[in-house]
Amino acid sequence: MSAVRVRFAPSPTGFFHIGSARTALFNWLYARHTGGTFVLRIEDTDKERNSEQFVDLIYNSLKWLGLNWDEGPQVGGAFGPYRQSERAHIYKEYLEKLKAAGRTYEKDGATWFKLLGERHEVFDDHRKKTVTKVKVAPTVIDDLIRGRVERLEDEDFVIVRSDGNPVFHFVNVVDDIAMQITHVIRGEDHLSNTSKHVELFKAFGAPVPQFAHIPLILKSPEMGQGKMSKRDKGALVEEYQQKFFLPEALVNYISLLGWNPGDDREKMPVAEIVRLFELSGVNQSNAKFDGKKLANMNMTYLLEQPAERFLALAREYFATQPNNAAVTANEAYFREIMLLAQPKIKSIDDLGAYTGYFFTEDFAIDPKVKEKVMAKGDPKARLAELIAALPAMDFSSDAAIEAALKALAESKGLGFGDYQAVARLAVSGTNAGPSITSLFRVLGRERVQARFARFLAA
RNA sequence: GCCCUCAUCGUCUAUCGGUUAGGACAGGAGAUUCUCAAUCUUCAAAGCGGGGUUCGAUUCCCCGUGGGGGCACCA
85 MSAVRVRFAP
95 SPTGFFHIGS
105 ARTALFNWLY
115 ARHTGGTFVL
125 RIEDTDKERN
135 SEQFVDLIYN
145 SLKWLGLNWD
155 EGPQVGGAFG
165 PYRQSERAHI
175 YKEYLEKLKA
185 AGRTYEKDGA
195 TWFKLLGERH
205 EVFDDHRKKT
215 VTKVKVAPTV
225 IDDLIRGRVE
235 RLEDEDFVIV
245 RSDGNPVFHF
255 VNVVDDIAMQ
265 ITHVIRGEDH
275 LSNTSKHVEL
285 FKAFGAPVPQ
295 FAHIPLILKS
305 PEMGQGKMSK
315 RDKGALVEEY
325 QQKFFLPEAL
335 VNYISLLGWN
345 PGDDREKMPV
355 AEIVRLFELS
365 GVNQSNAKFD
375 GKKLANMNMT
385 YLLEQPAERF
395 LALAREYFAT
405 QPNNAAVTAN
415 EAYFREIMLL
425 AQPKIKSIDD
435 LGAYTGYFFT
445 EDFAIDPKVK
455 EKVMAKGDPK
465 ARLAELIAAL
475 PAMDFSSDAA
485 IEAALKALAE
495 SKGLGFGDYQ
505 AVARLAVSGT
515 NAGPSITSLF
525 RVLGRERVQA
535 RFARFLAA
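Going letter by letter, the first sequence gives residues 85 to 542 in the numbering used here.
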């Protein structure tokens, strides 16, 4: 068996979305699993809709996801160039082969691919025009995921437009031949096109690659009906990058859309996915995208990040935030706060909201929380007692603070909770956060004291 | 309209003809806790319909139905 060569061939006509990422991932996984070659090819033949900005986005998204390519733009390879806009001479050469074989003709200024068989005219009432049908046997597609699929390809089709530009079906097949692609792994939306491609491969006398049409990713029920498109919220890889999702969490999640390891495992390191990935394990039905499950996956990854990685991500995140008080904060202070936040947040981009009050005295008091806290007992009195106790309190550790607070509560015949809620509100403006003892210790006596006083005065 | 394709909890999925149809996310309840999360326990939740084949079908076949995709001088 010859070495596996797969390709991911996006067209830079829009943003890079989850569906593209999954197609790229499955190609990459298969290449890595088999020790084959993963080729990146940019299908930029549609001059109208292409943009260099989208080309860069493809590179950036793939790199962010960790899907490195062995051949393609930026890295080169023996079958370049890897952008279709630079391969015109190759298409010309292949077109000549087809012409020489008598498989083309000119009509309306375009070049058409000629199917073999008897011709007859027929009126197509859906398209409302007369078309020429060719009497042919059905094209057989042997698909690694779908099984045997037959489709009647019975009309000649354009391969070079009247403006001289070759069309997708043609360049796609030429490139797959020229780049010696062995497995075409792509979305099921291409299954109907595949009969055209198979006929072209045969016309070139080239071996037909193995096809593997993977199921599509559909909108989640909240997003509506149909396949997920670039316009859907949450559909763009870029969004997750900007929200500082962990790329390995996204990769893990999308690997589970249409594939599974054959047992109950879901969270797996990518190396394990590579080890287990088989095309035969890819299922046939479309999957709906579930942002909640992705978010959960991201959280579980976040929880187990080593401190240094988490801190690096946190710094990257704060660097993009307009309020950069956290960026200029004392290094040790920043570190301590972030490590308190890590086990609590669901996503890196919660960090701003979750830790804001550590970095400014001008933090908001949540009115709903305030109402709730102030309704129970006599919180102002508790706060006054805390203020009185604070100067003598041992701030050296969480345990010391806890002991002091418990002693205070006990001396008044009250519970820890009677002090905790109001203290937290005064010091952070919210009811969510690290333990009150950590809050005291990290903020320090002076800040706590000042915030208590300010809260009482307000 | 024509062609292709798919069909298990709300969602992602397991099941190689015989299971109390399992797991995960989301949801409910509880435990734990100084709050909020996390965590743990627990509850609810599925074989689209109809025919076959078979001793026995979620599983195999057919027909419906429903979903998805495609039918360009887009990719």
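Think of the CB as a built atom: it goes at the ideal place given N, C-alpha and C, for glycine as much as any other residue. These numbers were taken from a predicted model, which means no experiment stands behind them.
Ranked by Cα distance from V358, the first of K372, W343, S369 and Q368 is W343. The three-state reading of DSSP puts Q309 in coil, since its state is none of H, G, I, E or B. Within the same chain, and ignoring the five residues on either side of F254 in sequence, the residues whose Cβ sits closer than 6 Å to its Cβ are I243.
In this structure, the alpha-carbon of E155 lies about 12 Å from that of A115. Nearest to P157 by alpha-carbon distance, out of V123, A185 and H173, is V123. The three-state reading of DSSP puts A491 in helix, counting H, G and I together. Secondary structure of P250 (DSSP, three-state): strand. Close CB contacts of A410 within its chain, under the 6 Å cut and outside five residues either way in sequence, are with F402 and F443 (chain order). If you check the CB distance, K219 and E202 come in under 8 Å. The beta strand (DSSP E) runs of length 3 or more contained entirely in the region 90-151 are, from start to end of the chain, 121-124. In the structure shown, the three-state DSSP call for Q504 is helix. Annotation note: the region 366-403 contains the following uninterrupted alpha helix (DSSP H) runs of length 4 or greater, listed N- to C-terminal: 375-387 and 391-403. Of the residues assessed, N256 falls on the buried side of the cut-off, its CB having 16 or more other CB atoms within 10 angstroms.
Here T118 is actually not in contact with V159; their C-beta atoms are around 19 Å apart, not less than 8 Å.
In this model, K351 and M381 are separated by some 7 Å (Cα to Cα).
The beta carbon of T266 sits closer than 8 Å to the beta carbons of S86, A87, V88, R89, V90, G120, P293 and Q294 from its chain, once the five residues preceding and following it are set aside; these are given in chain order.
Checking the DSSP bridge columns, you'll see Y189 partnered with W196. DSSP places A476 in no beta strand (DSSP E); its state is neither H nor E. Relative to A507, the option among S519, K428 and L182 whose CA is nearest is S519. Between the C-alpha atoms of I142 and V321 there is a straight-line separation of about 10 Å. Nearest Cα to E420 within the set Y189, A398 and G310: A398. Here A105 really is in contact with S145; their C-beta atoms are around 7 Å apart, less than 8 Å.
In this structure the region 421-438 lies against the region 383-394, because at least three pairs of beta carbons, one per stretch, are closer than 8 Å.
The C-alpha of K303 lies about 5 Å from the C-alpha of M312. Where A296 is concerned, there is no enclosing alpha helix (DSSP H), although the beta strand (DSSP E) around it starts and stops at Q294 to I298. Here K181 carries a helix assignment [DSSP, helix/strand/coil]. W148 sits close to Q325, with the two beta carbons spaced by under 8 Å. In this structure, the alpha-carbon of G308 lies about 21 Å from that of I298. Between the region 485-492 and the region 526-542 there are fewer than three inter-stretch CB-CB distances shorter than 8 Å, so the stretches are not counted as touching. For A505 and V457, the gap between their C-alpha atoms comes out near 7 Å.
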